[in-house]
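**Q** I have a structure I would like to understand better, so I am pasting it below and will then ask my questions one at a time.
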Amino acid sequence: MSDVDPDAVAAAAVSCPSVAGMSGGKSAELATYLPGRRVRGVRITECEIELRVIARWGPFLPGIAEEVRSAVQPFVGGARVSVYIDDIQEPAGGDLPNGSG
7 MSDVDPDAVA AAAVSCPSVA GMSGGKSAEL ATYLPGRRVR GVRITECEIE LRVIARWGPF
67 LPGIAEEVRS AVQPFVGGAR VSVYIDDIQE PAGGDLPNGS G
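Each position in the sequence shown, counted from 1, maps to that position plus 6 in this note's numbering.
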């Protein structure tokens, strides 16, 4: 899968309305390392493409994962794409429904 462009994959993922940004993961920085830089939240292996995202508040989480898979599909061919939602961005003003938060 060396022909997969991690920058294009990350850009497609963050173009999704339900995605607030890419995440480096909870315990260690997940990224694709390129000469002199890294692409945060994208790991490309021989078996799969792993994406870690920060979701926006509100949308149904499984729907977000499917939205991301659909957005990146043109850039990954038939590769398996695993989407992990590491965090959820609170709504503007921190106003969560039902008094939570």
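Beta carbons: idealized from backbone N, C-alpha and C, even for Gly.
Note that the structure is a prediction, hence the values are computed from the model and not measured.
Reducing DSSP to helix, strand and coil, say where Ala37 ends up.
**A** Ala37: strand per DSSP, three-state reduction.
**Q** Buried or exposed for Gly84, going by 16 or more other Cβ atoms inside 10 Å?
**A** Counting Cβ neighbours within 10 Å, Gly84 comes out exposed, since fewer than 16 surround it.
**Q** Counting along the chain, where does the beta strand (DSSP E) carrying Ser29 start and finish?
**A** Ser29 -> no beta strand (DSSP E), and no H or E assigned at all.
**Q** Between Ala37 and Val20, how many whole angstroms is the CB-CB distance? I'm expecting something under 8 Å.
**A** Rounded, the Cβ-Cβ distance is 14 Å, inconsistent with contact.
**Q** Would you mind listing the beta strand (DSSP E) stretches within the segment 35 to 99 that are 3+ residues and don't spill past its ends, in chain order?
**A** Correct list: 37 to 40, 43 to 46, 48 to 50, 55 to 62 and 87 to 95.
**Q** Do you know how far the Cα of Lys32 is from the Cα of Glu96?
**A** Computed Cα separation, rounded: 18 Å.
**Q** Would Gly30 and Arg43 be called neighbours here (beta carbons separated by less than 9 Å)?
**A** For Gly30 and Arg43, no; Cβs fall outside 9 Å.
**Q** What first and last residue would you give for the alpha helix (DSSP H) that runs through Asp13?
**A** Taken as a continuous stretch (DSSP letters only), the alpha helix (DSSP H) holding Asp13 covers Pro12 to Val20.
**Q** Taking only beta-carbon positions, decide if Ile94 is within less than 9 Å of chain C.
**A** This model lacks chain C altogether, as it is built from one protein chain only.
**Q** Assuming Asp92 contacts Ile60 under a Cβ cut-off of 8 Å, what Cβ separation, rounded to an integer in Å, is found between them?
**A** Confirmed, Cβ separation roughly 6 Å.
**Q** Give me the Cα-Cα distance between Tyr39 and Ser76, rounded to the nearest whole angstrom.
**A** Roughly 24 Å between the two C-alpha positions.
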